[in-house]
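First the structure, in the form of structure tokens, and then the observations on it.
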Amino acid sequence: MYMEIRYATNPRETKTYDTERLREEFLIEKLFVEGKLTLVYSHVDRYITGAAVPTSEPIKLQADKHDMGADYFLARREIGIINIGGKGTVTVDGTAYDLETRDCLYVGLGNQEVIFTSADAAKPARFYLNSTPAHKNYPTEKVAISGAEAQHLGSIETSNERTIYRFIHENGVKSCQLVMGMTLLKPGNMWNTMPCHTHNRRSEVYLYFDMADDAVVFHMMGEPTETRHLVVRNEQAVISPSWSIHSGVGSQNYTFIWGMAGENQVFADMDMVAMQDLK
């Protein structure tokens, strides 16, 4: 297991960063490593982003006692897991949950053993992880992509026809603060979350995937009047603080998982930015 530590930044300092520094602070370039558990601990809302790719051997979700100060990972945390690879299983304190690609599993505070396995080592599961601090236990619950709350938005005229799937949210799977879902853009559509917004009460992490090797997404970030961008490739993630916009445009359509942490779970709690105010 490897866990990287990222510290919080402020908008005044961030606007002075060059490309390399922006990528160091906000872009997670290498999450999915076969046979490994990879974790990134951000001081932005104490959010942990990670991935587990089990092949011939299971992978156990472990706590770094020095960095987390806990005997097991979910001692004071909850976690959302979405599989973006082949069929796999997550076993939680002895109970097995099979996840097909794009299925989600929520695991609550206090569960001591979480183990990841793949049905086929040649086509391993690719488990994407979002974890936030928790104050009480909510039941472990699986949601298949077919059972998620779906909302169709956008149009081909604005290049943003998409379907939003909500898994962990105030009217779905219950959690302490974690909100998690997935957005699929239809072929021929490249824009997401535009017009853009911020939400001062929540931070967010995006994982972009289902992208060709030669495809990129230009992830827009920064204050609305001091915008910046990151060039993002397949299976890379971006940490988005509460003060930053978070939208993107791709060289072709793509899929992304969004996860949020903060003081509320209201999906529509957004501070919208008028297009004429962007700079």
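All residue numbers for the sequence shown refer to the numbering used here, where the first residue is 899 and numbers rise by one. Even glycine gets a Cβ: it sits at the ideal position worked out from N, Cα and C. Since this is a predicted model, take the numbers as computed values, not measurements.
Taking the Cβ atom as the reference point for each residue, do residue i and residue j lie within a distance shorter than 8 Å?
i	j	result
residue 930	residue 1128	no
residue 938	residue 1002	no
residue 1145	residue 1090	yes
residue 1022	residue 983	yes
residue 1062	residue 1086	no
residue 1006	residue 976	yes
CA-CA distance, residue i and residue j?
i	j	result
residue 1149	residue 1060	16 Å
residue 1095	residue 955	42 Å
residue 996	residue 1050	27 Å
residue 994	residue 988	6 Å
residue 1030	residue 1024	20 Å
residue 913	residue 1122	11 Å
residue 1137	residue 947	9 Å
residue 1101	residue 1166	14 Å
residue 1073	residue 1008	13 Å
residue 1109	residue 928	15 Å
I need the DSSP call for residue i, collapsed to helix, strand or coil.
i	result
residue 958	strand
residue 1107	strand
residue 977	strand
residue 1011	coil
residue 987	strand
residue 1143	coil
residue 1051	strand
Return the Cβ separation of residue i and residue j in integer angstroms, given the expectation that the two are a contact with Cβ distance under 8 Å.
i	j	result
residue 1004	residue 1066	5 Å
residue 1152	residue 1106	6 Å
residue 1080	residue 1058	Going by Cβ atoms, the distance from residue 1080 to residue 1058 rounds to 16 Å, so no, they are not a contact pair.
residue 981	residue 1000	7 Å
Answer with buried or exposed for residue i, where buried requires no fewer than 16 other C-beta atoms within 10 angstroms of its C-beta.
i	result
residue 1117	buried
residue 1170	exposed
residue 905	exposed
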